[in-house]
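Each residue of the sequence shown is one higher than the last, beginning at 1 in our numbering.
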Amino acid sequence: GGGEAVAATVGAHLGPGEQIGSTHRPLGHLVAKGCSLKHMMAEIAGKVTGTNRGKGGPYHIFCPEAGALGANGIVGGSVPMCAGYALANQLRANGNVVVSYFGEGASNQGGVQETLNLAACWKLPLVFVCENSSPVVQTMLGHEIDYPQLSIDDVSLRAPAYGMPGGSYPGWDAEEAYQAVGAAVERARTGDGPTLLEFKVHRVDGEEDEHCPIRRYREKLIEEGVLTEKLDKDIRDQEVAAVKEA
């Protein structure tokens, strides 16, 4: 957990005909885009009732009817494909936008770098969303070591080099994320090209973490009278029931 605010705000800004490309941690992205939670859970369990009839598992969930172009077990693997879908939207002049998710590690992949450049050159209707959960700890020969992957603090600093706007935002702040994503999606829809958004995401273990976006926004909505404890419980119970039914 920890990236729920980013996924939710992206999902809120995209229409049913628009698409996302996800990563090897896709569940929040896919739920927010409208994929069936029941069928996704069945897929993870390897059941024939899953989105891929149990053949894809958690890393390769594919839900085209909701505009989810698929999770991808290859780091950065879905980013070039998102450019292809964005090009198709551009040629069809349908006004649809594609959002490509990736992490800070994937930002160093050659295919990702090339896609950033190509998208800017062609002004593709594409929004790049980097979920930065660094520092990353990698294991080498059985020993955990800090292995720096970036010489910069913010992945979004690369945006000007490609000729596109970019910015870094706290991934636990739902309202700030909503504003940033909204501006980037509108820019893409109006033909002004891509944007590189970076969200600093804390990997949280439960809602007791102060950076948990669910906890933070839940408390805010209850305080403002938008959400009640009963409604919150009803929503949670509904989702738990869907998982159990799967």
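All C-beta atoms in this analysis are idealised placements derived from N, C-alpha and C, irrespective of residue type, glycine included.
- [ ] Kindly provide the ranges of any alpha helix (DSSP H) runs that are 4 or more residues long and lie completely inside the stretch 32-80, ordered along the chain.
- [x] Qualifying alpha helix (DSSP H) stretches, in chain order: 37-44.
- [ ] Starting from P170, trace the beta strand (DSSP E) both ways and give me its first and last residue.
- [x] The sequence position of residue 170 within the sequence shown is 170, counting from 1. Unbroken beta strand (DSSP E) run through P170: 166-170.
Open item on the list: Do A32 and A246 have their beta-carbon atoms positioned less than 8 Å apart in this structure?
Closed with: Here the question's residue 246 lines up with position 246 in the sequence shown. Here the question's residue 32 lines up with position 32 in the sequence shown. Contact: no.
- [ ] Tell me whether Q179 is buried or exposed, calling it buried when 16 or more other Cβ atoms sit within 10 Å of its Cβ.
- [x] Within the sequence shown, numbered from 1, the residue matching residue 179 stands at position 179. Its Cβ having fewer than 16 others within 10 Å, Q179 is exposed.
Open item on the list: If contacts are defined as beta-carbon pairs under 8 Å, then D173 and A12 qualify, I think. What distance do you get, rounded to the angstrom?
Closed with: Counting from one through the sequence shown, the residue named residue 173 turns up at place 173. Counting from one through the sequence shown, the residue named residue 12 turns up at place 12. The C-beta distance from D173 to A12 rounds to 14 Å, too long to fall under 8 Å, and the pair is not in contact.
Task: Member of P16, V226, E210, E223 whose CA lies at the smallest distance from the CA of N96 - done: Mapped onto the sequence shown, residue 96 falls at position 96. Selected option, being the one with the closest Cα: P16.
- [ ] May I ask you to verify whether the stretch 218-231 touches the stretch 178-193, counting CB pairs closer than 8 Å and requiring at least 3?
- [x] Fewer than three Cβ pairs drawn from the stretch 218-231 and the stretch 178-193 lie within less than 8 Å of each other, which leaves the two stretches out of contact.
TODO: Would you check if the stretch 158-175 and the stretch 117-126 touch, i.e. whether three or more CB-CB distances between them fall below 8 Å?
DONE: Yes: the two stretches touch, three or more of their Cβ pairs being nearer than 8 Å.
Open item on the list: Quick check on T195: buried or exposed, where buried means 16 or more other Cβ atoms within 10 Å of its Cβ?
Closed with: Numbered from 1 along the sequence shown, position 195 holds the residue referred to as residue 195. Buried, by the Cβ-count rule.
Open item on the list: Check whether chain B comes within 8 Å of Y178, counting only Cβ atoms and requiring the distance to be less than that.
Closed with: Looking at the structure shown, chain B is missing, and only one protein chain is on hand.
Open item on the list: Quick check on this structure: which residue in V99, G182, V129 has the alpha carbon closest to the alpha carbon of S168?
Closed with: To locate residue 168, count along the sequence shown from 1; it is residue 168. Measuring from the Cα of S168, the nearest candidate turns out to be V129.
- [ ] Please report the Cβ distance between G34 and A42, rounded to the nearest whole angstrom; I am assuming they are in contact, meaning their Cβ atoms lie under 8 Å.
- [x] For the purposes of this step, residue 34 is taken as residue 34 along the sequence shown, with counting starting at 1. For the purposes of this step, residue 42 is taken as residue 42 along the sequence shown, with counting starting at 1. Their Cβ separation, rounded to whole angstroms, is 16 Å, which puts G34 and A42 out of contact at 8 Å.
TODO: Measure the alpha-carbon distance for V98 versus N108 and round it to whole angstroms.
DONE: Translated into positions along the sequence shown, residue 98 becomes position 98. Translated into positions along the sequence shown, residue 108 becomes position 108. The alpha-carbon atoms of V98 and N108 are separated by roughly 21 Å.
TODO: Return the first residue and the last residue of the alpha helix (DSSP H) that G182 is part of.
DONE: To locate residue 182, count along the sequence shown from 1; it is residue 182. G182 -> alpha helix (DSSP H) spans 174-189.
TODO: Give the DSSP bridge partners of L196, in chain order.
DONE: Taking the first residue of the sequence shown as position 1, residue 196 is located at position 196. Bridge partners of L196: F128, G166.
Open item on the list: In the DSSP output, what is Y101 paired with across the bridge?
Closed with: The residue given as residue 101 occupies position 101 in the sequence shown. In the DSSP assignment, the residues bridged to Y101 are V129.
TODO: Find out if the Cβ-Cβ distance for the pair Y101, G2 is shorter than 8 Å.
DONE: What you label residue 101 is simply residue 101 of the sequence shown in a count that begins at 1. What you label residue 2 is simply residue 2 of the sequence shown in a count that begins at 1. No, the Cβ-Cβ distance between Y101 and G2 is not below 8 Å.
Task: Three-state class that DSSP yields for G95 in the structure shown - done: In the sequence shown, residue 95 corresponds to position 95, counting from 1. Secondary structure at G95: coil, using DSSP grouped into helix, strand and coil.
Task: Minimum C-alpha distance to N89 - residue among D209, D232, Q19, D237 - done: Working through the sequence shown from its first residue, we reach residue 89 at position 89. Selected option, being the one with the closest Cα: Q19.
TODO: Whole angstroms is fine: what's the gap from V127's alpha carbon to A7's?
DONE: The residue labelled residue 127 in the question sits at position 127 within the sequence shown. The residue labelled residue 7 in the question sits at position 7 within the sequence shown. Cα to Cα, the separation comes out at about 13 Å.
Task: Pairwise C-alpha distance: S134 and L150 - done: Position 150 of the sequence shown, counted from the start, is the residue given in the question as residue 150. Position 134 of the sequence shown, counted from the start, is the residue given in the question as residue 134. For L150 and S134, the distance between alpha carbons rounds to 10 Å.
- [ ] Would you check if the distance between the CB atom of V79 and the CB atom of G105 is smaller than 8 Å?
- [x] For the purposes of this step, residue 79 is identified with residue 79 of the sequence shown, where counting begins at 1. For the purposes of this step, residue 105 is identified with residue 105 of the sequence shown, where counting begins at 1. It is not a contact, given that the beta carbons lie outside the stated cut-off.
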